[in-house]
Structures are given as structure tokens and as C-alpha cells.
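Below is one structure, written out as C-alpha cells, with a few remarks after it.
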Amino acid sequence: MAGYKKAYTIDEDNKCLQLITATKSYYYLRGRAVWQDLVTLGHFDECRTWMSLQNRFEKSILPNIMKRCYSISELEKQKIVLAWWQTGQDYDSDSDSDEDDSD
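Per the numbering used here, the very first residue in the sequence shown carries number 77; after that it's consecutive.
In C-alpha cells:
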């Protein structure tokens with residue numbers, strides 16, 4: 077079956093979260109380098125690319141991170157959510173300042 081990709085498992089999701097917490101990379105999740113490193117460190121299935129892992133995190137793991145199925149502590153979950161929110165605020169304020177400069 078050409079183009080078929082195996083669905084992510086909860087074990088892979090947990091491995092991703094465990095690597096994020098082990099490397100303390102909370103504030104780098106919006107970048108590319110951390111995902112490239114996580115794929116290298118995580119020993120994910122060879123079909124998993126850094127872009128696939130990043131997409132999985134943003135669209136599936138992060139919106140559901142407070143669910144019990146994830147094995148990291150509540151504190152670690154809160155650190156990830158807070159860092160994601162804070163780095164998003166920085167990104168939004170940078171975009172706003174760029175618009176102001178064009179006047």
C-alpha cells in the first residue's frame with residue numbers, strides 16, 4: 077500500500093513527552109532543531125520525521141496533554157503548556173512590532 081503511514085501510538089506520544097522533559101526543551105518546541113534532536117534521541121520508528129513529530133505534538137498531544145493517558149507528571153505538563161503559551165506570546169508580539177515598523 078503506497079503512501080500508508082502507521083498511526084502514532086500512545087507509547088510514541090509518551091516517549092516524545094518524556095524526551096521533552098528529560099532535555100528540558102520546553103521553550104524550544106516552536107523551533108525546528110529540538111524536533112530534529114528528539115527524532116535522533118528518541119529512536120522513533122524510521123518512518124517518523126521531525127516534521128511528523130512536531131505536527132503530532134501541535135495537533136494531537138498538546139491539545140490533550142492534561143489527559144491521564146500521558147505518563148509525565150502534572151507539573152511537567154504544566155511547564156510544557158506554559159512555555160508553549162509564553163513563546164507564542166513572544167512570537168505574536170514580534171509580529172505586531174513588525175507591522176508597526178512599516179508606518
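Every residue, glycine too, gets a C-beta built ideally from N, C-alpha and C. All figures in this text were calculated on a predicted structure; none of them were measured in a lab.
What separation, rounded to the nearest whole angstrom, lies between the Cα atoms of residue i and residue j?
i    : j    : result
M127 : E134 : 11 Å
T163 : N90  : 22 Å
A98  : Q165 : 24 Å
E122 : Y146 : 23 Å
I86  : F120 : 13 Å
M77  : S136 : For M77, the pLDDT reaches just 47, beneath the cut-off of 50, and the residue's location in the model is therefore unreliable, leaving the point undetermined.
K82  : R124 : 9 Å
A109 : K100 : 14 Å
Using a Cβ-Cβ cut-off of 6 Å (strictly less than) and excluding sequence neighbours within five positions of residue i, which residues of its own chain qualify?
i    : result
T116 : none
R132 : Y84
G118 : K91, L95
Could you name the residues of the same chain whose beta carbon sits closer than 7 Å to that of residue i, not counting the 5 residues immediately before and after it, in chain order?
i    : result
I148 : L93, Q94, T97
M142 : K153
V157 : I141
In chain order, what residues of the same chain have a beta carbon less than 8 Å from the beta carbon of residue i, not counting five sequence neighbours either side?
i    : result
K155 : T97, Y102
When you compare the CB positions of residue i and residue j, do they come within less than 8 Å of one another, or not?
i    : j    : result
L129 : W111 : yes
L105 : W160 : yes
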